[in-house]
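As structure tokens, the structure follows; a few thoughts come after it.
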Amino acid sequence: MDEFLRDIHTLLFKEWILIQSIEGCDIKEESKKVILTTPYCHAEVVFNDHNLIELSVTNLVTDKIDFYLHFQMHTMSHAISLYEEMLQCVKQLINEPPVRVLLTCTSGLTTGMFAAQLNEATTLLSKNYEFDAIAYHELYDIAKNYDVILVAPQVSSKKTKLETCFKKKTVLTIPSTIFAKYDAGALLEFLDEHLSSRRHPTTARLPVISRPVPHQTKILTIATVRTSHRTRMIYRVFDQNNKTLLDNEVVKFDFQINDLFDILDTVLLFHPDIPIIGISLPGIIRDGYMDFCDQKINVLGPLNKRYPNKRFYLFNDVNTLVSGYYISQNKYQTISFLYQPSMGSPCGIGSVFKGQLIEGAHKIAGEAKYLPFNKEQFQKTPEEQLKFLAYQAAAVISIYDPEILIVSCKYTNKHELRELLKKYFPEEYLPNIHFIEHFKEYGLLGALILSIQEENRG
Numbered sequence: 084m085d086e087f088l089r090d091i092h093t094l095l096f097k098e099w100i101l102i103q104s105i106e107g108c109d110i111k112e113e114s115k116k117v118i119l120t121t122p123y124c125h126a127e128v129v130f131n132d133h134n135l136i137e138l139s140v141t142n143l144v145t146d147k148i149d150f151y152l153h154f155q156m157h158t159m160s161h162a163i164s165l166y167e168e169m170l171q172c173v174k175q176l177i178n179e180p181p182v183r184v185l186l187t188c189t190s191g192l193t194t195g196m197f198a199a200q201l202n203e204a205t206t207l208l209s210k211n212y213e214f215d216a217i218a219y220h221e222l223y224d225i226a227k228n229y230d231v232i233l234v235a236p237q238v239s240s241k242k243t244k245l246e247t248c249f250k251k252k253t254v255l256t257i258p259s260t261i262f263a264k265y266d267a268g269a270l271l272e273f274l275d276e277h278l279s280s281r282r283h284p285t286t287a288r289l290p291v292i293s294r295p296v297p298h299q300t301k302i303l304t305i306a307t308v309r310t311s312h313r314t315r316m317i318y319r320v321f322d323q324n325n326k327t328l329l330d331n332e333v334v335k336f337d338f339q340i341n342d343l344f345d346i347l348d349t350v351l352l353f354h355p356d357i358p359i360i361g362i363s364l365p366g367i368i369r370d371g372y373m374d375f376c377d378q379k380i381n382v383l384g385p386l387n388k389r390y391p392n393k394r395f396y397l398f399n400d401v402n403t404l405v406s407g408y409y410i411s412q413n414k415y416q417t418i419s420f421l422y423q424p425s426m427g428s429p430c431g432i433g434s435v436f437k438g439q440l441i442e443g444a445h446k447i448a449g450e451a452k453y454l455p456f457n458k459e460q461f462q463k464t465p466e467e468q469l470k471f472l473a474y475q476a477a478a479v480i481s482i483y484d485p486e487i488l489i490v491s492c493k494y495t496n497k498h499e500l501r502e503l504l505k506k507y508f509p510e511e512y513l514p515n516i517h518f519i520e521h522f523k524e525y526g527l528l529g530a531l532i533l534s535i536q537e538e539n540r541g
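If you read the sequence shown in this note's numbering, its first letter stands for residue 84, the second for the next number, and so on.
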């Protein structure tokens, strides 16, 4: 599309947004923006130079960005589809989102009765809470969908474990005097009081490159991070000295190839001389395809067709994580990285052996889902997940004998894992174990070093 047509389409898109009507949402034009507001969100469509358009939604309840992307205008249909995706997020915040509260006890029976009374009291008192109840051993599979976890007195010993597993949620023990009487009014007051102050997250120290990674050109790296609710695509442009020239991310509901196009179109507009792009993706990456969640998606073909003068390299996400960790330190030569994204799922495993990434003949090295044990035997509690994690860690240790095991798993800690591994190995054979929470930097650094290595192979 030439620039004249692009300009016309951008103007039409802006006018089209302004004539839309959304119940409960105010739409107005302000300079180079169209602003959408509801009582609980602030959304913007920003029209920049070069027909670059940004879409964002800020949740005013959590003060977090729930949705963000940018694209260069190509067609009206593409622009409208992205705008409608943004509206899905806006419409969820037209009415005040309720605070979802999950009660738990040994069987879920007593808390189930209490939850029913609490929902009745919430309606009578016009409170904005929703209550559900579940047995403790089933809690870990659904707790991600709730804002608050209330622990009955009989399982109060589990509170510390729950706080460890769900650091971003409020976990409270129901006072015995309230639980004994099923005093719904008192519990609502108890919640109001405790939710007025929330814990602020700590800032993690960012890793830096500690090993030489010489190259002569700019390199763009893109790391895809999937969570239970969103897909984040983080990208960075490095110069020849590994300094950051551009750093941003896209937050969406799911991943599509067009999302890569939108990132690339924007970055290449400002840095058209980038020849190399390294992309980290979940699943098995082989022959340009991403094999993930029973789907085999051709990623490399569409990229090469749209950008024929660029060189693309695709990598498994955990392979980039372990490679990024490797170049961020000088102490260890043999490293394994275990990433467990959610309860009940097998780990993604990446290993560097004496400085060399291990991928295998078919690129399935580290795919723990193929290990011959019955994953269904593990109930979805932290105790069973610890066993599941230990079995996978034991397989890695017995094969690669790493100096250090890096683990990203929110359901346990290094001390519990080490104690369980002592049942399988003499302690002198166990590696150092390090748990991490923040790992996106390793994905970006790993995509950088792996792209350079692929480029050097010619």
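Positions of the beta carbon are idealized from the N, C-alpha and C atoms, including for glycine.
Our two residues, arginine 315 and leucine 352, have alpha carbons roughly 22 Å apart in a direct line.
Just measuring C-alpha positions, the residue of Ile177, Tyr390 and Asp215 sitting nearest threonine 194 is Asp215. In the three-state reduction of the DSSP assignment, glycine 407 falls in the helix class. By the beta-carbon neighbour count (other beta carbons within 10 angstroms, threshold 16), cysteine 376 is exposed. Rounded to whole angstroms, the gap between the alpha carbons of aspartate 109 and proline 180 is 18 Å. Beta-carbon to beta-carbon, methionine 169 and leucine 138 are separated by about 5 Å, close enough to satisfy the 8 Å threshold. Residue range 267-277 is occupied by the alpha helix (DSSP H) that includes glycine 268.
By the beta-carbon neighbour count (other beta carbons within 10 angstroms, threshold 16), tyrosine 494 is buried.
Annotation for serine 139: no alpha helix (DSSP H) segment contains it, though the beta strand (DSSP E) segment containing it runs 135-142. Here the C-alpha atom of valine 490 lies approximately 13 Å from the C-alpha atom of proline 429.
For glutamate 467, the uninterrupted alpha helix (DSSP H) run begins and ends at 465-483, by DSSP. Membership of valine 173 in any beta strand (DSSP E) is not indicated; the residue belongs instead to the alpha helix (DSSP H) covering 159-174. DSSP places serine 114 outside any alpha helix (DSSP H), giving it a letter other than H or E.
Serine 363 sits in a strand when the DSSP states are folded into three classes.
For asparagine 539, the enclosing alpha helix (DSSP H) starts and ends at 523-540.
Spanning the alpha carbons of isoleucine 136 and glutamate 98 requires a straight line of approximately 14 Å. Note on leucine 176: 16 or more other CB atoms within 10 angstroms of its CB, so buried under the neighbour-count rule.
In this structure, the straight-line span from the alpha carbon of proline 236 to that of leucine 201 is close to 17 Å. Within the same chain, Leu488, Val490, Lys497, Leu500 and Arg501 come within 7 Å of isoleucine 516 by CB-CB distance, once the 5 residues on both sides are set aside.
Boundaries of the alpha helix (DSSP H) harbouring glutamine 200: 192-208, taken from the DSSP string.
At the C-beta level, glycine 366 and threonine 403 stay beyond 9 Å of one another. Cβ-Cβ separation between threonine 464 and valine 435: approximately 32 Å, too far for a contact (criterion under 8 Å). Between leucine 255 and valine 231, the C-beta gap is smaller than 9 Å, which places the two residues in contact.
With distances taken between CA atoms, lysine 505 lies nearest to Ala476 out of Lys414, Phe518, Ala476 and Asp370.
Shown here, alanine 126 sits in a strand according to DSSP, grouped into three states.
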